[in-house]
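Engineer: Counting from 248, one number per residue, gives the positions in the sequence shown under the working numbering.
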Amino acid sequence: MDVETLLRSKGQEVASVRPDQTVADAVVMLTEKNFGALVVSSDGQSVDGIVSERDIVRTLAQRGPDLLEDSVASIATSEVSTCSLTDTVDALMSQMTSGRFRHVPVVEAGRLVGVVSIGDVVKHRVAELEETNEQLNSFISGVPR
Ligand code: AMP
Numbered sequence: 248m249d250v251e252t253l254l255r256s257k258g259q260e261v262a263s264v265r266p267d268q269t270v271a272d273a274v275v276m277l278t279e280k281n282f283g284a285l286v287v288s289s290d291g292q293s294v295d296g297i298v299s300e301r302d303i304v305r306t307l308a309q310r311g312p313d314l315l316e317d318s319v320a321s322i323a324t325s326e327v328s329t330c331s332l333t334d335t336v337d338a339l340m341s342q343m344t345s346g347r348f349r350h351v352p353v354v355e356a357g358r359l360v361g362v363v364s365i366g367d368v369v370k371h372r373v374a375e376l377e378e379t380n381e382q383l384n385s386f387i388s389g390v391p392r
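Below is the structure:
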């Protein structure tokens, strides 16, 4: 399966935050949208960075509650690993495992078109395994003894 098919089944809503918005703004968006990360983008199309719950927790421990008034840009990861619609879900799983992150923005022709989380990938993998299991069960029960 490719990323395009996965995105079609999960929906293409992308939550982005501007780099000049505050960490408090990001916290509100993460909570309201129930997402684990936001793409940092000045125009909603380019990927300027990514900020995840983990960045907020880590810098909260370092800077204390004043962090909430700091800019998103001050805590975001600027080197973002992205994927394209034609990448396979298997390749995406390797990308997440080797990069040790749980979110990958999907970029097509330089434009942000979606975000895939590890939850989306796991859901897809479980569905795939269930299907294989059903096929094996019907194969076994169909074999004459
Ligand atoms: P996550 O596991 O996605 O919550 O992110 C863990 C760390 O990796 C955080 O510092 C994120 O800013 C960073 N991160 C998340 N996704 C990506 C990505 N696609 N590319 C680069 N860094 C990322």
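Note that beta-carbon positions come from the ideal geometry of N, C-alpha and C, so glycine has one too. Computed from a prediction, not measured in an experiment: that's the story for all the values here.
By Cβ distance, which residues of its chain are closer than 8 Å to VAL294, with the 5 residues on each side in sequence left out?
Structural biologist: Contacts found: VAL286, VAL287, SER288, VAL327, THR329, PRO352, VAL354 and LEU359.
Engineer: With DSSP as the reference, label PRO352 as helix, strand or coil.
Structural biologist: If DSSP states are grouped into helix, strand and coil, PRO352 belongs with the strands.
Engineer: If you measure from the CB of ILE297, is any heavy atom of ligand 1 nearer than 7 Å?
Structural biologist: Yes, the Cβ of ILE297 comes within 7 Å of a heavy atom of ligand 1.
Engineer: Helix, strand or coil for THR335? Go by DSSP, reduced to three states.
Structural biologist: Here THR335 sits in strand by DSSP.
Engineer: Taking the straight line between their C-alpha atoms, what separation do you get for VAL319 and ALA273?
Structural biologist: Roughly 7 Å between the two C-alpha positions.
Engineer: Got a sec? Which residues, its chain only, sit under 8 Å from ASP337 by beta carbon, not counting five neighbours each side?
Structural biologist: Excluding residues within five positions, none has a Cβ falling inside 8 Å.
Engineer: CB-CB under 8 Å to GLY251, same chain, minus the five flanking residues each way: which ones, in chain order?
Structural biologist: According to the sequence provided, residue 251 is Glu. The question's Gly does not apply to it. Hits under 8 Å: LEU332 and THR333.
Engineer: How should SER263 be labelled, buried or exposed, when 16 other C-beta atoms within 10 angstroms of its C-beta is the threshold for buried?
Structural biologist: Buried: at least 16 other Cβ atoms inside 10 Å.
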